[in-house]
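Please read the structure below before turning to the comments.
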Amino acid sequence: MAAPEESPTAGFRLPLRGGPLVPLVGVCVGVVALTAAVTLGGEDSSSSTGDTPKADVLTTTAAADPADRPAANTCVLMVNGVPRTMTVPAARTLTQVAAVGWQVKAPADMVARVLDLGSAKAAQGLSTTDALDLFTREDTAVPSAAAVADLRALTEPGGLTCAFGPPAVPAEVKGKSGLTPRADAMRQGVVDAFGKLPMSGYGSKAAKNTPEAAGRALNIAVADTFSPEVSAGWVLASWLTARGADYKLDTIAYGDRTWAPASGWQPTTPGQTTASSARPGRVYVSVTAGTSASKAKDTKKAAKKAKKRS
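Sequential numbering from 654 applies to the sequence shown in this note's numbering.
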């Protein structure tokens with residue numbers, strides 16, 4: 654008798670919430686309920702902006718050699734140590750499937766197979782609802798080795814990095830939630846994709862003139878740095894990275910690395926100081942401040958003067 658075909662996911666498990674793998678029928682029932690919740694846009698009570706995490710000093714290096722960075726509006730995925738350029742929509746699809754698979758506790762084989770299906774169908778990236786729909790389909794095909802490798806790459810520190818140009822958006826003030834509209838939209842996107850993760854803002858105790866005080870930043874709790882599931886934090890960090898342009902992100906920090914739109918992921922080492930509050934077991938993320946109307950006018954005037962002189 655011929656040996657049975659071995660799944661390409663043998664020896665690999667995407668870090669899943671809740672421990673043991675669950676039967677497919679359980680996954681499908683949970684997915685249907687989640688699809689309804691996402692479609693209806695239910696309120697979330699897992700996050701708050703009143704708690705103030707302990708502020709630590711985050712230091713980052715200067716930008717790496719430009720040759721090591723993605724071009725603007727592109728991403729690079731490190732697969733088995735080899736960089737592979739990918740489009741932003743492809744990065745969104747990859748990270749969305751990984752996020753939703755983590756949320757519904759899907760087996761690694763199933764997540765990889767959904768990635769195969771999603772990659773073939775989504776030209777602009779999958780929405781959370783689209784990804785949930787794919788997880789409900791009956792499919793017994795063996796996932797491709799490429800899908801398995803791509804998902805594994807997301808669990809590595811800085812495995813996915815994307816670069817974007819500076820966003821030109823107006824400044825915002827924080828609302829009743831304690832967050833600016835951009836930060837609140839980002840929070841809701843994380844909740845839709847990953848489920849109810851513990852989140853906290855910074856409240857009135859945040860240092861003045863910082864993203865935290867302005868309601869532009871969140872700390873999202875993930876597995877502790879010393880946990881075997883630490884890579885789950887990198888799945889979240891990668892998900893945010895792929896949506897840096899969508900949410901107008903300014904900074905992402907996790908583990909010993911920090912992401913910025915122009916430079917991608919950089920090691921956190923003694924050097925340039927930034928006012929961010931990265932802590933073990935938490936992903937720190939902030940949205941851009943934007944430009945006030947008066948500052949925008951001053952910039953335009955300066956540009957006109959420079960043009961006249963040239």
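Built from N, CA and C at the ideal position, the CB exists for glycine as well.
Here the structure is a predicted model, which means the values were calculated and not measured.
Between the segment 781 to 792 and the segment 803 to 815 there are fewer than three C-beta pairs closer than 8 Å, too few to call the two in contact.
Counting the other CB atoms within 10 Å of its CB gives residue 726 a total below 16, which places it among the exposed residues. For a cut-off of 8 Å, the C-beta gap from residue 938 to residue 902 is around 6 Å, short enough to register as a contact. Distance from residue 887 to residue 807 at the Cβ level is roughly 6 Å; contact confirmed, criterion being Cβ atoms closer than 8 Å. Closest in C-alpha terms to residue 772, from the list 831, 788, 742, comes 742. Between residue 748 and residue 918, the C-beta gap is not smaller than 7 Å, which leaves the two residues out of contact. The segment 751 to 770 and the segment 784 to 802 touch, with three or more beta-carbon pairs separated by less than 8 Å. Take the alpha-carbon of residue 854 and the one of residue 911: they are about 19 Å apart. In this structure, residue 905 places its C-beta atom within 7 Å of the C-beta atom of residue 890. In the three-state scheme derived from DSSP, where H, G and I count as helix and E and B as strand, residue 916 is classed as coil.
Look at residue 790 here: in three-state DSSP terms it is coil, with no helix or strand label. Residue pairing of residue 805 in beta bridges, as defined by DSSP: absent, with no partner found. DSSP, reduced to helix, strand and coil, places residue 747 within a helical segment of the structure shown. Distance from the CA atom of residue 737 to the CA atom of residue 816, rounded to whole angstroms, is 14 Å. CA-CA distance, residue 824 to residue 745, rounds to 26 Å.
Around residue 730, the same chain offers 737, 739, 806, 813 as residues with beta carbons nearer than 6 Å, after the five sequence neighbours per side are excluded.
The three-state secondary structure of residue 834, taken from DSSP, is helix.
With respect to the 7 Å criterion, residue 795 and residue 875 are not classified as neighbours on the basis of their beta carbons. For residue 766, the enclosing alpha helix (DSSP H) begins and ends at 761 to 774. For residue 935, the three-state secondary structure derived from DSSP is strand.
With a 10 Å radius around the Cβ and a threshold of 16 neighbouring Cβ atoms, residue 723 comes out buried. Considering only 841, 846, 728, the residue with the shortest C-alpha distance to residue 757 is 846. Take residue 818, set aside five residues on each side of it, and the residues of its chain with a beta-carbon closer than 6 Å to its own are 725, in chain order.
As a beta-bridge residue in DSSP terms, residue 872 pairs with 853, 937.
Take residue 732, set aside five residues on each side of it, and the residues of its chain with a beta-carbon closer than 6 Å to its own are 802, 806, in chain order. When the five nearest sequence neighbours on each side are left out, the beta carbons in the same chain lying within less than 7 Å of the beta carbon of residue 832 are those of 702, 840, 854, 868, in order along the chain.
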